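Residue numbers (the working numbering): 118 to 500.
Rendered as structure tokens:
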């Protein structure tokens, strides 16, 4: 594997201070359209040209075509191993043009979906047209840009690799159908002692690790919690490392501890390997929340989630907040500077964008998600 040339630019504190004084604040109060059908756990969303939306519900193991105008949902494909089927869908990919792909972990392939929301053939997990896995090794695709490239983090929490004393993991990129990969960035990892938890030692509360996000133009962001900062890498390999972002630290309260227990017990999808069966089986499990080893005094600036680039090349990071307060998003430009803050109703999460809309889910006390479509607020132009 080869890497791109690297140019590192460090933002000066003076320019960061000047930009921070110009931060705009916007609130999104109500969606213009919403879906009455509840979802269990949305792990992928893609808007089609006709305004309908493909939604992947991981807990329900379903991919759905959502019509906001009619307040209707229609299944796409079904569970199985046939030509229009998937088994344990985990995410959606841009495949170029109007085509999208369903990452099918159970069948180890990618189910191709047309711009009309109908199944249309397969790729292997690496984006190749052949299902012969012997020609390519490594992790399968987990992300894609808008230029026909696939990406993955060459690291897994489900293999012995996560126990190795490495301090970073490569982010790999390759063209759809290609076998050669390039390492385009590295994601910092927590120390091994923080990645593992010996049996009987309880849980870890309010911990977070560096995150990465991928934009449509191939830009990558590395988001660090300590200090809270963002490093951008464009498609040509130019790095811009932003200065630490100032924020108000929040103490861990009794209400936040209660919310942590509630969220920890939320059902999540798992893939079960059954002896004697060729295909794995999908299931939904509820984790038992053990008493944390130690409650931290303060919340991190963000929790492990899904920082996202919007279609304008700006990065959205959902911040930690007080229980019951509006949700808070920092909108960050390529220089690593917060240029806008967007507030949304409490217990909402960002699940996707289009050129016209922002898609948020509202999470109720029974862990059900309700999908809403919000018009874009006035946004600053990317630098």
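Backbone N, C-alpha and C fix where the C-beta goes; we use that ideal spot for every residue, glycine too.
Since the model is a prediction, treat every value here as computed from it, not as a measurement.
With contact defined as three or more Cβ pairs closer than 8 angstroms, the region 421-436 and the region 370-386 are not in contact.
Residue 262 has its alpha-carbon roughly 14 angstroms from the corresponding atom of residue 208. For secondary structure counted as the beta strand (DSSP E) over 3 or more consecutive residues, the region 354-395 holds these complete runs in sequence order: 355-358, 385-389.
Here residue 419 is buried: its Cβ has 16 or more other Cβ atoms, across all protein chains shown, within 10 Å. Each of 360, 289, 218 was checked against the Cα of residue 270, and the nearest Cα belongs to 289. Spatial neighbours of residue 484 in its own chain (CB-CB distance under 7 angstroms, excluding positions within 5 residues in sequence) are listed in chain order as 383, 384. Of all C-beta pairs linking the region 231-239 to the region 298-309, fewer than three are shorter than 8 angstroms, placing the two stretches out of contact. Here the C-alpha atom of residue 221 lies approximately 14 angstroms from the C-alpha atom of residue 245.
Bridge partners of residue 179 according to DSSP: 174.
Secondary structure within the region 422-454: the beta strand (DSSP E) runs of 3 or more consecutive residues, fully enclosed, are 432-436, 444-449 (chain order).
Residue 207: member of the beta strand (DSSP E) spanning 206-211, first to last residue. Relative to the Cα of residue 466, the nearest Cα in the group 472, 477, 459 belongs to 477.
Under the three-state reduction of DSSP output, residue 158 falls in the coil class, being neither helix nor strand.
Residue environment for residue 187: exposed (fewer than 16 other C-beta atoms within 10 angstroms of its C-beta). Looking only at 491, 224, 168, the smallest Cα-Cα distance to residue 399 is reached by 224. Taking residue 259 as the centre and dropping the five residues before and after it, the same chain places the C-beta of 269 closer than 6 angstroms to its C-beta, in chain order. Judged by pairs of C-beta atoms under 8 angstroms, the region 435-442 touches the region 404-419, as three or more such pairs exist.
In the DSSP assignment, residue 189 forms a beta bridge with 184.
The straight-line gap separating the alpha-carbon atoms of residue 497 and residue 342 is approximately 24 angstroms.
Nearest C-alpha to residue 293 among 217, 357, 365: 217. Excluding its 5 nearest sequence neighbours in each direction, residue 387 has C-beta neighbours in its own chain below 8 angstroms: 399, 400, 401, 402, listed in chain order.
CA-CA distance, residue 443 to residue 460, rounds to 6 angstroms. Using a Cβ distance threshold of 7 angstroms, residue 148 and residue 364 do not count as a contacting pair.
The Cβ atoms of residue 162 and residue 410 do not sit closer than 7 angstroms to each other. Taking 8 angstroms as the upper bound for CB-CB distance, residue 176 and residue 158 are in contact here, some 4 angstroms apart.
Assignment of beta-bridge partners to residue 142 by DSSP yields 458. From the listed residues 213, 456, 369, the smallest Cα separation to residue 165 is found for 213. Within 10 angstroms of the beta-carbon of residue 412 lie fewer than 16 other beta-carbons, which makes it exposed. In the assembly as shown, residue 200 is an exposed residue. Its beta-carbon has fewer than 16 other beta-carbons within 10 Å. Around the CB of residue 192, fewer than 16 other CB atoms lie within 10 Å, so the residue is classed as exposed. Your pair residue 231 and residue 215 checks out as a contact, with CB atoms roughly 7 angstroms apart and the cut at 8 angstroms.
Taking 7 angstroms as the cut-off, the Cβ atoms of residue 347 and residue 337 do not count as close.
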